[in-house]
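The opening residue of the sequence shown carries number 126 in our numbering; numbering runs sequentially from there. Note that CB positions come from ideal geometry on N, CA and C, so glycine has one too. Quick caveat: nothing in here was measured; it's all calculated off a predicted structure. First comes the structure, then the notes that go with it.
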Amino acid sequence: MTEDIEFQPFRTAGSAGDLRDRQRPATAHGHLIRAGRRVAPHAHPRAQLALTLSGVMRLEVGHDTWIVPPSHAVWVPGGQRHSIRSETDIVTCNIFVDPTCAARARPETAPRVLRITPLLRELAVRLSEAGAMGDAGAPSRRLSLVLVDEIARLETGDLGLPGGRDARLVKVTTHLNRHLGELRGLPELAEEAGTSERTLARLFRAETGLSFRQWRTRQRMLVALERLERGESSGAVAAALGYGSASAFIAAFRRTLGAAPRQLTGATGELSSRGTTASEGRSGKSARATSSATT
126 MTEDIEFQPF RTAGSAGDLR DRQRPATAHG HLIRAGRRVA PHAHPRAQLA
176 LTLSGVMRLE VGHDTWIVPP SHAVWVPGGQ RHSIRSETDI VTCNIFVDPT
226 CAARARPETA PRVLRITPLL RELAVRLSEA GAMGDAGAPS RRLSLVLVDE
276 IARLETGDLG LPGGRDARLV KVTTHLNRHL GELRGLPELA EEAGTSERTL
326 ARLFRAETGL SFRQWRTRQR MLVALERLER GESSGAVAAA LGYGSASAFI
376 AAFRRTLGAA PRQLTGATGE LSSRGTTASE GRSGKSARAT SSATT
């Protein structure tokens, strides 16, 4: 279980998101966030592409949650208040895009999960070698413009868990997220929320785009994704979620998230090492010392 510890951002990473310089269209910054840490809610003028080189990130905006394995990233528009937590150690590489280029990169006005390409990952790691504040020189500028173009080409993924806006729905989704073993169904949860079963079912459809059953299944699969990244086997996770076999669990996982577990989990090996090493070389501090840096 994640220990909810908030901490303030280090100045270097915070400045990267606040930077206003058209000569540095994009900058990249990598660091390690230890398991059980929570990056305090914050916002910055630059848009952010939050990706992990290893581990599964949980990015939260209000009552909505996005789960981010190494194969994906979350696009966070500039000015959007967000926080990050993780059940595992995660090595991140965050790309900050200047407002003058953000609309060119992505038109979305709300966070969006994107599928990462090997090219984008390589570009991000290379750009991070210029330091958190980037480099206004011509080579770095050209590299960052290519990176912005690659962000624009990324396909969307579906690893989010909407929490709703109506107070009655938020009460239920918050409770379910805090009590993963909750066995009560829609009638009992509706009564506790002070509404009818029919109204709660309608709120789930209207505000999350999912039925209550679909929402619960998605929640379980996203939690399963985090558990698999911690090293638990598909069989162990299947048993914990009540599936009769690993194959039945994997089939349900694929139906819900659109990919097999092995396609969404696992570190990126060499790139994880390179991204962390580059960060160490710039600042003289190891990633271990920056576990409380912001994103």
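- Pairing L325 with T190, the inter-Cα distance amounts to about 20 Å.
- The criterion of a C-beta distance shorter than 7 Å is not satisfied by A331 and K296.
- Bounds of the beta strand (DSSP E) holding V199 are 197 to 201.
- Taking C-beta atoms under 8 Å as the contact rule, G180 and T213 qualify, at a distance of about 5 Å.
- Here the alpha carbon of E357 sits roughly 46 Å from the alpha carbon of A263.
- When rounded, the separation of the alpha-carbon atoms in R159 and S269 is 28 Å.
- The count of Cβ pairs closer than 8 Å, one atom from the region 288 to 308 and one from the region 238 to 250, stays below three, leaving the stretches out of contact.
- Annotation for T390: no alpha helix (DSSP H) segment contains it, and DSSP assigns it neither H nor E.
- Where H167 is concerned, the enclosing beta strand (DSSP E) starts and stops at 162 to 167.
- Cβ contact annotation for R379 (same chain, cutoff 6 Å, sequence separation greater than five): A385, in chain order.
- A direct Cα-Cα distance of roughly 18 Å separates T242 from M182.
- As DSSP reads the structure, E185 sits in a beta bridge with T190, S208.
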